[in-house]
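One structure is given below, encoded as structure tokens.
Numbering (my numbering), first residue to last: 247 to 863.
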């Protein structure tokens, strides 16, 4: 057995490392105003969720944890530590809004300066850290798909500490905020209906709301308002955080039902809801990528648009574009590799990063690629191009030539009558415009609060001000608003690494009672690339070993290593004909600085603990 394989072996003897205190300048949310300390939580198993609200993988983990949170409510406390990527995410009110928007029902620490992130040596969003009832870190997991493993560990800790007398049962520190009586609550997308009314996805309330032309008067609500995946009549159907809307035909609307991982159809005459695509389960690596629509798993569809006779889907959860064919009743991938980043070219080779907004014209499908702060488009032949944006770590508010213009996490795009497009520049609280004829970016409006979409109504544009819980009607200005330019980069400390040979170790320890699934070939995958590409002299590309030697170019002083890892594990029980299997996966963007005194080993924890790191702690 080689060294890499030995690190995949389950470790039953847990290393005991004292958990650092939880501190953050922004303070605590969902505690009724109380500041929490680790000592207040002693006697309970603590799961610390490092997240940021722009991150789709973080939102997936919030959903994964709901069942565990309910099942072990008297012995487990989940604490979110909000660790921002974008400048806007460091604003306290924005974090408060996000906690309500995504239905977070546990305490959240707002850590805008990444103090606790650094104390726990976190390298990726999302990361989960498990702390036992005596205050020791016993496990760390990066990425998605770990809820089952953490659930088993929680049961082990419950039994162990009940026997020791160190388990304390009771109510947790969560205090629910008072509900606000607004007509809409964090609406996501809007659609102009054939009769002139507006349909809005009332995302946090799990409904669609039809409004009169004034954008304020409620005509009807579609859906029960209770999170669920239920087909049925107008008041009985269940959605889960619906987002994008598009006319399927004159009598029906297709809905991107995001957290249900499904496309739904709404009959405009009756309000009845049926399912067009998706199973309700989230797509994972190895799942089918085409076939009968009701049999294929999807992953957080965020927006939809009719283009070339098909419903194109911004599949934010896997950084791809898919399409639903209404005539054939099928779905398939149309662009994207599932790798996160900004790469143009043929659809099968393109990289996206949480595509979240779509708008179709006769010859282009425009898209807001949120995590790269980019505006991009797809040709009818499927080729992908970028109009504005440079990559995962550059963002800001800068007008001018598109090649140097900056956006900040845009979620929506709207085609305008003159051939230009309006961009809902969400984290800049602005409406921007890109003109393909001139290649210029301008600002149409500011002082919007997290605009997530916009729709044309006559000579006006109606903007979804998500964080103000309303639609705002603007006259399309003939001249652009002037704003002061600002540029940002993601604020994360670089890791000092030595030039030359560096060993990359992705740590994966299969959960208790499971083993790596090798029935159909290798059960692990590792993909490595770099920005700039010249940073890597050797070690780039895909492979099946979770350890690899990288050769870093001493002539390149700094950059970002992009690492994507996946591991599949199954129940280790010969008596089971059909063992339960789980996929664990994570993408890291690791800023590095080359220095002679830097480390020659870069460990990234997918699941478990880095034994070498612990021994030196």
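Beta carbons: idealized from backbone N, C-alpha and C, even for Gly.
Every value quoted in this text rests on a predicted model; they were computed, and no experiment measured them.
Worksheet item: In three-state DSSP terms, what is residue 247?
Response: The predicted position of residue 247 is uncertain, since its pLDDT is 32 and thus under 50; a value taken from the coordinates is nonetheless stated next. Residue state, collapsed to three classes: coil.
Item to complete: Hey, could you find the ends of the beta strand (DSSP E) residue 520 is sitting in?
Response: 519–523
Worksheet entry | Member of 638, 516, 458, 306 whose CA lies at the smallest distance from the CA of residue 486 | In this structure, 306 is the residue among 638, 516, 458, 306 with its C-alpha nearest to the C-alpha of residue 486.
Worksheet item: Rounded to a whole number of angstroms, what is the C-alpha to C-alpha distance between residue 696 and residue 674?
Response: The straight-line gap from Cα to Cα measures roughly 7 angstroms.
Worksheet item: Does the separation of the CB atoms of residue 323 and residue 374 fall below 9 angstroms?
Response: no
Worksheet item: What is the rounded straight-line gap between the Cα of residue 289 and the Cα of residue 376?
Response: Rounded to whole angstroms, residue 289 and residue 376 show a C-alpha spacing of 13 angstroms.
Discussion item. Tell me the DSSP secondary structure of residue 570 in three-state form.
Written reply: strand
Item to complete: Classify residue 593 as helix, strand or coil using the three-state DSSP reduction.
Response: helix
Discussion item. Check this for me: beta carbons of residue 370 and residue 751, under 9 angstroms apart or not?
Written reply: no
Worksheet entry | Start and end residues, alpha helix (DSSP H) containing residue 638 | That residue, residue 638, is in no alpha helix (DSSP H); it is neither H nor E in DSSP.
Discussion item. Please confirm whether residue 569 has its beta-carbon closer than 9 angstroms to some beta-carbon of chain B.
Written reply: Absent here is chain B; the protein component of the structure consists of one chain.
Discussion item. Taking the alpha-carbon of residue 817 as reference, which of 846, 319, 762 has the nearest alpha-carbon?
Written reply: 762
Worksheet item: From residue 262 to residue 755, what does the alpha carbon distance come to, in whole angstroms?
Response: 16 angstroms
Worksheet entry | Burial state of residue 631 (16 or more Cβ within 10 Å) | exposed
Fill in: Beta-carbon gap between residue 659 and residue 605 smaller than 9 angstroms
yes
Item to complete: Determine, using beta carbons only, whether residue 488 and residue 546 come nearer to each other than 9 angstroms.
Response: no
Practice prompt. Could you pull the start and end residues of the alpha helix (DSSP H) that residue 782 belongs to?
Written response: No alpha helix (DSSP H) contains residue 782, which is instead part of the beta strand (DSSP E) from 782–784.
Worksheet item: residue 378: which of 392, 372, 401 sits nearest, CA to CA?
Response: 401
Worksheet item: Is the beta carbon of residue 774 less than 9 angstroms from the beta carbon of residue 840?
Response: no
Practice prompt. For residue 448, write down the residues that DSSP places opposite it in a beta bridge.
Written response: Residue 448 is bridged by DSSP to 453.
Item to complete: Would you check if the distance between the CB atom of residue 355 and the CB atom of residue 268 is smaller than 9 angstroms?
Response: Going by C-beta atoms, residue 355 is nearer than 9 angstroms to residue 268.
Worksheet item: For residue 859, which residues from the same chain have a beta carbon less than 7 angstroms from its beta carbon, with the 5 sequence-adjacent residues on both sides left out?
Response: Model confidence at residue 859 stands at a pLDDT of 48, short of 50, so the residue's coordinates are unreliable; what they give is reported in the following sentence. Taken in chain order, the residues that qualify are 849.
Discussion item. In whole angstroms, give me the CA-to-CA distance for residue 248 and residue 792.
Written reply: Below a pLDDT of 50, predicted positions are generally treated as unreliable, and residue 248, at 35, falls in that range; no measurement from the model is reported.
Item to complete: Return yes when the Cβ of residue 599 is within less than 9 angstroms of the Cβ of residue 584, no when it is not.
Response: no
Discussion item. Using only CA atoms, which one of 540, 531, 533 lies nearest to residue 520?
Written reply: 540
Worksheet item: Roughly how many whole angstroms lie between the Cα atoms of residue 769 and residue 829?
Response: 9 angstroms
Discussion item. Would the segment 435–455 count as touching the segment 416–426 if we require 3 or more Cβ pairs under 8 angstroms?
Written reply: no
Item to complete: Mind reading off the beta-carbon distance from residue 265 to residue 420? Whole number of angstroms is fine, and I expect it under 8 angstroms.
Response: About 20 angstroms separates the two Cβ atoms, so there is no contact after all.
Worksheet item: Grouping DSSP H, G and I as helix and E and B as strand, with all else coil, what is residue 460?
Response: coil
Worksheet item: DSSP three-state call for residue 330: helix, strand or coil?
Response: coil
Worksheet item: For residue 575, which of 637, 581, 509 has the nearest alpha-carbon?
Response: With distances taken between Cα atoms, residue 575 lies closest to 509.
Worksheet item: What do you get for residue 353, buried or exposed, if any count of 16 or more other CB atoms within 10 angstroms of its CB means buried?
Response: buried
Practice prompt. Take the Cβ of residue 331 as the centre, count every other Cβ of all protein chains shown within 10 Å, and call the residue buried at 16 or more, exposed below.
Written response: buried
Item to complete: May I have the straight-line CA-CA distance separating residue 517 from residue 456, to the nearest angstrom?
Response: When rounded, the distance between both Cα atoms is 10 angstroms.
Discussion item. Between which two residues does the alpha helix (DSSP H) holding residue 313 run?
Written reply: 302–317
Worksheet item: Which residue comes first and which comes last in the beta strand (DSSP E) that contains residue 398?
Response: Careful: residue 398 lies outside any beta strand (DSSP E), inside the alpha helix (DSSP H) at 393–410.
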